Every structure is written in structure tokens, then in C-alpha cells.
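A.B. asks: Just so you know, the sequence shown maps onto residues 1 to 155 in the numbering used here. By construction, the Cβ of each residue, glycine as well, lies at the ideal position given by its N, Cα and C atoms. These figures come from a predicted structure and were not determined experimentally. Sharing a structure with you now.
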Amino acid sequence: VMAALPMAFIGSVAALVLTGQTLTIAAMVGFVSLAGIASRNGILPLNHYVHLVQHEGEQFTHSMIIRAGQERLAPVLMTALTSGIGLVPLVLAAGEPGKEILYPVATVILGGLISSTLLDFFVHPALFWLFGLKAAEAVTGATAAGLDLEETHCT
1 VMAALPMAFI GSVAALVLTG QTLTIAAMVG FVSLAGIASR NGILPLNHYV
51 HLVQHEGEQF THSMIIRAGQ ERLAPVLMTA LTSGIGLVPL VLAAGEPGKE
101 ILYPVATVIL GGLISSTLLD FFVHPALFWL FGLKAAEAVT GATAAGLDLE
151 ETHCT
């Protein structure tokens, strides 16, 4: 899930550089807001991987990861698009009076949403396949056996 944050921050920093802005308190507020949106979008596919294994009898394979990505494409896009479309008027209002605070916030969030949404469907599944497979198998095995997850992580 935390891998979604650097993917989002790449786009936010690029948006700040492209618009010629500096890092301000308002931009930092945008980074905090973006972190919440990006981590939620990162949780959706991972949660669906576990759901497919536990409730639909899938195995952790390439085809399952592709299926989960396809099934979670619409929810992730809806989240990103609703947030992004709402920010477009603020980004287009650059330099107008009263937008000095909102413009950096909107720029950071919109830039991060674009990069995060695009990279989430390519980088996240690959990272899961390379590094998260064993942990996910342990989680699905523990919950399938009816064990408390906190007990399994403490031992």
C-alpha cells in the first residue's frame, strides 16, 4: 500500500515543477490529501487479491492479478476522476485573486492523481508479484484457518 505514495508524489512534484511553483505550506497540504487518496486506491487491488483467493477459490497467479486489476479499474478510476474533475477549475484559475492557497493544493493533488492512477495498474501488481506474494499467502492462510491476524503477526 505504501508503494502507492511515491507513485503519487512523482506526479505532484512534476506538476509543481511544470507550473513553476515552489513548495509551500499549501502544497504540503495537497501532499497530505493526496496521500490519503493514493493509499485508498492502493488498497483496493490488494484487498481484491485477497478476496479472490479467500472467497472465489483463485490461486495467486498472473491471471488472478490481471483479473483483480480489471475488476478494480472502474472503482479506482471513479475515485481519481471525481477528485480530479473537481480540482480542474482551481487549476485553471491560476493567478486569479483568492486562489493563491487553493491553486498549489489543486496542482499537487491533480498531478499526483494522474501519475498514481496510471502507475498503480502497472507497478503495483508487479511489486505485489515480486514482494507481496508470501505475505498475502500467509494472510489468506491465517484467515482461512480462522486464526486471528494479530496473533499471527505477533509470533
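Check whether the region 133 to 140 and the region 25 to 38 are in contact - that is, three or more C-beta pairs closer than 8 Å.
C.D. replies: Taking 8 Å as the limit for Cβ pairs, the verdict is that the region 25 to 38 does not touch the region 133 to 140.
A.B. asks: The alpha helix (DSSP H) with Q70 in it runs from where to where?
C.D. replies: Its alpha helix (DSSP H) spans residues H62 to L92.
A.B. asks: According to the neighbour-count rule (16 or more other Cβ atoms, all chains shown, within 10 Å of its Cβ), is N41 buried or exposed?
C.D. replies: Label assigned to N41: buried.
A.B. asks: Expressed to the nearest angstrom, what Euclidean distance is found between the alpha-carbon atoms of G98 and A27?
C.D. replies: If I take the Cα positions, the gap works out to 16 Å.
A.B. asks: For P156, which three-state DSSP category applies?
C.D. replies: The chain is shown only over 1 to 155; residue 156 falls outside these bounds and no answer can be derived.
A.B. asks: Checking 9 Å against the spacing of the C-beta atoms, do A3 and I114 come in under that value?
C.D. replies: No, the pair does not count as a contact, with Cβ atoms beyond the cut-off.
A.B. asks: Using 8 Å for Cβ pairs, my map puts V108 next to S12. What's the rounded Cβ distance?
C.D. replies: Their Cβ separation, rounded to whole angstroms, is 4 Å, which keeps V108 and S12 in contact under 8 Å.
A.B. asks: Where S83 and L110 are concerned, what is the direct C-alpha to C-alpha distance, given to the nearest angstrom?
C.D. replies: Taking the straight line from one Cα to the other gives about 8 Å.
A.B. asks: Is the beta carbon of L46 sitting closer than 9 Å to the one on G112?
C.D. replies: Against a cut-off of 9 Å, the Cβ pair of G112 and L46 comes out as no contact.
A.B. asks: Just checking my contact of L90 with A106 at CB under 8 Å: how many whole Å lie between their CB atoms?
C.D. replies: Indeed they touch by this definition, with Cβ atoms about 4 Å apart.
A.B. asks: Does the Cβ-Cβ distance between T24 and L77 come in under 9 Å?
C.D. replies: Not in contact: T24 and L77 (Cβ atoms no closer than 9 Å).
A.B. asks: Helix, strand or coil for G20, going by three-state DSSP, please let me know.
C.D. replies: In this structure, G20 counts as coil in the three-state DSSP scheme.
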